[in-house]
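Residue numbers (this note's numbering): 8 to 157.
Worksheet: one structure, shown below.
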């Protein structure tokens with residue numbers, strides 16, 4: 008159950024949305040990378056008894072998303088509040104740098120922030136899919152580390 012009251016108090020919009028009103032993105036590139044690394048650590052943790060791969064893959068998606076947003080912050084560029092990894096990659100301000108193929112693999116992670124978050128919408132995530140999600144998230148975080156130097 009979503010409690011709108013905490014959202015409404017924080018953003019004062021009264022909207023049922025996770026997108027904050029137009030404003031500058033908070034935090035530095037280093038802050039975003041710290042959060043990306045934290046999500047990656049959670050994603051890589053052994054699957055606890057009673058847990059499902061979808062939840063670990065959600066953290067993998069969040070790691071990639073936050074790492075990409077760190078690049079935007081490092082380049083002092085704005086980004087839209089979205090979970091769409093493809094959109095974030097395609098809008099990156101790279102000044103001629105090439106996005107590695109391993110980073111493009113992370114586009115598949117978007118479904119873990121959308122479809123698989125809710126029961127019954129998608130097939131259960133397999134261990135193989137989980138391992139691919141981890142590899143993709145690790146590639147994005149490593150690339151963001153390399154680009155930003157954090």
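Think of the CB as a built atom: it goes at the ideal place given N, C-alpha and C, for glycine as much as any other residue.
These figures come from a predicted structure and were not determined experimentally.
Worksheet item: Pairing CB atoms from the region 40-48 with CB atoms from the region 61-79, are three or more of them under 8 Å?
Response: Verdict: yes, contact present.
Worksheet entry | Coarse secondary structure for residue 85, derived from DSSP in three states | Residue 85 falls in the coil class under three-state DSSP.
Practice prompt. Tell me whether residue 153 is buried or exposed, calling it buried when 16 or more other Cβ atoms sit within 10 Å of its Cβ.
Written response: Answer is exposed; the Cβ neighbour count stays below 16.
Practice prompt. Look at the alpha carbon of residue 111 and the alpha carbon of residue 144, and state the distance between them as a whole number of angstroms.
Written response: Each residue's Cα considered, the two are about 10 Å apart.
Worksheet item: Which residues in the same chain have their Cβ closer than 8 Å to the Cβ of residue 83, if we skip the five residues on either side of it in sequence?
Response: Only residues of its own chain outside the window of five on either side were considered, and among them none has a CB closer than 8 Å to the CB of residue 83.
Worksheet item: Where in the region 60-113 do unbroken runs of the alpha helix (DSSP H), each at least 4 residues long, occur, reported from the N-terminal end onward?
Response: Counting whole runs of 4 or more residues, the region 60-113 contains the alpha helix (DSSP H) stretches 60-81, 92-97, 108-111.
Worksheet item: In chain order, what residues of the same chain have a beta carbon less than 7 Å from the beta carbon of residue 42, not counting five sequence neighbours either side?
Response: Here the set comprises 73.
Practice prompt. Alpha carbon to alpha carbon, how far is residue 91 from residue 68? Give it in angstroms, no decimals.
Written response: Between residue 68 and residue 91, the alpha-carbon positions lie close to 9 Å from each other.
Worksheet item: Between which two residues does the alpha helix (DSSP H) containing residue 134 stretch?
Response: Here the alpha helix (DSSP H) through residue 134 covers 134-155.
Item to complete: Tell me whether residue 52 sits in a helix, a strand or coil according to DSSP, three-state version.
Response: DSSP, read as helix, strand or coil, puts residue 52 in coil.
Practice prompt. Tell me whether the beta-carbon of residue 107 lies closer than 9 Å to the beta-carbon of residue 146.
Written response: The answer is yes: Cβ separation under 9 Å.
Worksheet item: Using the C-alpha atoms, what's the distance from residue 96 back to residue 104?
Response: Approximately 12 Å between the Cα atoms of the pair.
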